[in-house]
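End of the sequence shown = 363 in our numbering, gap-free, step of one. Using N, Cα and C, we set each Cβ at its ideal position, and we do this for glycine too. Just so we're clear, the structure is a prediction, and the values are computed from it rather than from any experiment. See below for the structure under consideration.
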Amino acid sequence: MAKNKKRVDLKKNRSKPARDKGWTRGFQQHGYTEEATLGGERVRAKGNLSRKRTIDTDEGTTMPRVDESICLPGRVVCVYGLDNLVQTGDGRRFRCKVRQVLKSLSMDERSIVATGDRVWILPLPNNEGVIERVEPRHGILTRASRGREHVLVANVDQVVIVIALKEPELKPHLIDRYLASAEQGRIKPIICLNKADLIDPAEVQPIVGYYSQLGITTILTSAQSGMGLKTLRNLLKDRQSVISGQSGVGKSSLLNVIQPELGLRVREVSDVNQKGRHTTTTAELIALSFGGWVVDTPGIRQFALWDIIPEEVEGFFAEIRPYVPLCGFPDCAHTHEENCAVKNAVALRYLNEQRYFSYLGMISGKMEEASEE
Ligand code: GDP
Ligand code: ZN
């Protein structure tokens, strides 16, 4: 890859002259070769305001290059405060800090490293390490907190929406709510209708057919009878999935039968989060023995309950979108207006009435019953 130079601001708390403090010392101490350090970092004697450091980066990213002969690639499986738990390819785990220079590259320091990130670490004794580089992300699950978008999980390939067909009773609008959230996050949804042993599969065929027609993979499973588990396993294999759904629908049970030691683990993590850290949401990645990762935490489960503003809602219903430009009013909410193409399409059964009701529920904000809180 071509080398690039990138100029980054020094952190404000480093505005004092830096050279005599030896701010390349850290790099040298942690095993960088003299040459790499000198080539990779330069101090310029300029005024405080213009003082910058120059680091080598790869083309197309703002991340520093790393020495692949001494650094290891890995995945961030959990973030605890300033510590990041990184699992390398061979299954070893390292408790890592983030190299200071990475923080100055980021707009939002809290999100410079997130669960799910693919990183390069410099391993240190006692299973510690330093994160030297974060690879570009895709499929980011975020949450707004104090007016800023905070990355909860990076590199999510898909969200598995677990819905119970019974106990608790199936609520179709809840499926639509989760789907809208997946759409909002631009993450591929999979609908997993669980507890299929409690119903007659013929009963739910219309729902399965309907969502399949919308292009969404929809499966019937039972943690009890084993139905659909092979399919679920295949869908999870080699991907990073978020498992989402109300409590009691069978998420832990499903994970537990897919990979025995897992369900227990999930429980432990949830308990820690609920008792110890009420306000912070920590996501944890769990490696699947057959390949792939799953994320399961209470906070993530409720990602469907994030704020959605009413004007956005129509955009999350792929099949409604084409009718919107045909409405009489440019700002048509498709509720009471005349010449509404959406309402006409529902009347003509081009659009599914149940989905339209879900839409109405979402724009009127009457979805609180979806909340577990
Ligand atoms: P979670 O809160 O989503 O993790 O749900 P759990 O896995 O704790 O399951 C909640 C309850 O539903 C437990 O009593 C399970 O035994 C039960 N359950 C889970 N999956 C199934 C299933 O497929 N069929 C039946 N009949 N019960 C299930
Ligand atoms: Zn309309």
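DSSP state of residue i mapped onto helix, strand, coil
{"i": "E343", "result": "helix"}
{"i": "K87", "result": "strand"}
{"i": "I121", "result": "strand"}
{"i": "P162", "result": "helix"}
{"i": "A154", "result": "strand"}
{"i": "I248", "result": "helix"}
{"i": "Y349", "result": "helix"}
{"i": "A308", "result": "coil"}
{"i": "R176", "result": "coil"}
{"i": "T221", "result": "helix"}
{"i": "S237", "result": "coil"}
{"i": "P191", "result": "helix"}
{"i": "L368", "result": "What the structure shows of the chain is the stretch from -9 to 363, and residue 368 is not part of that stretch, so it cannot be assessed."}
{"i": "S231", "result": "strand"}
{"i": "P54", "result": "strand"}
{"i": "A277", "result": "strand"}
{"i": "N74", "result": "strand"}
{"i": "E393", "result": "In the structure displayed, the chain extends from -9 to 363; residue 393 sits before or after that span and is not available."}
{"i": "Q148", "result": "strand"}
{"i": "G365", "result": "Past the boundaries of the shown model lies residue 365; the chain is included only from -9 to 363, so the question cannot be answered."}
{"i": "V336", "result": "helix"}
{"i": "P196", "result": "helix"}
Beta-carbon gap between residue i and residue j smaller than 8 Å
{"i": "V152", "j": "T105", "result": "no"}
{"i": "I111", "j": "G175", "result": "no"}
{"i": "E173", "j": "F306", "result": "yes"}
{"i": "G109", "j": "V124", "result": "It is worth fixing the name first, because residue 109 is Val in this sequence and not Gly. Yes, the Cβ-Cβ distance between V109 and V124 is below 8 Å."}
{"i": "N329", "j": "V239", "result": "no"}
{"i": "V285", "j": "E274", "result": "yes"}
{"i": "I189", "j": "P162", "result": "no"}
{"i": "G282", "j": "Q249", "result": "no"}
{"i": "M352", "j": "R85", "result": "no"}
{"i": "E327", "j": "V336", "result": "no"}
{"i": "K93", "j": "D73", "result": "no"}
{"i": "L341", "j": "I310", "result": "yes"}
Alpha-carbon spacing of residue i relative to residue j, whole angstroms
{"i": "P126", "j": "V146", "result": "13 Å"}
{"i": "K333", "j": "P315", "result": "13 Å"}
{"i": "D107", "j": "I181", "result": "25 Å"}
{"i": "T207", "j": "P179", "result": "7 Å"}
{"i": "N116", "j": "L210", "result": "46 Å"}
{"i": "L169", "j": "A308", "result": "10 Å"}
{"i": "S243", "j": "I130", "result": "26 Å"}
{"i": "G79", "j": "H128", "result": "20 Å"}
{"i": "Y313", "j": "L219", "result": "38 Å"}
{"i": "S234", "j": "N246", "result": "15 Å"}
{"i": "E157", "j": "L222", "result": "21 Å"}
{"i": "Y201", "j": "E139", "result": "30 Å"}
{"i": "K241", "j": "F280", "result": "18 Å"}
{"i": "F319", "j": "L350", "result": "17 Å"}
{"i": "T272", "j": "A331", "result": "43 Å"}
{"i": "V150", "j": "V91", "result": "36 Å"}
{"i": "G21", "j": "I299", "result": "Model confidence at G21 stands at a pLDDT of 39, short of 50, so the residue's coordinates are unreliable; what they give is reported in the following sentence. Their backbone Cα atoms lie some 50 Å apart in a straight line."}
{"i": "V120", "j": "I60", "result": "12 Å"}
Assumed close pair residue i, residue j - CB separation to whole angstroms, cut-off 8 Å
{"i": "A186", "j": "L155", "result": "6 Å"}
{"i": "Q148", "j": "I177", "result": "6 Å"}
{"i": "R89", "j": "E122", "result": "5 Å"}
{"i": "V232", "j": "V143", "result": "7 Å"}
{"i": "L226", "j": "L164", "result": "Not a contact, Cβ separation roughly 22 Å."}
Residue i Cβ short of 7 Å to the ligand PLP heavy atom set
{"i": "K161", "result": "Of the ligands this structure carries, namely the ligand GDP and the ligand ZN, none is the ligand PLP."}
Environment of the ligand ZN in chain order, Cβ to heavy atom below 6 Å: C317, C322, H324, E327, C330, A331, V332
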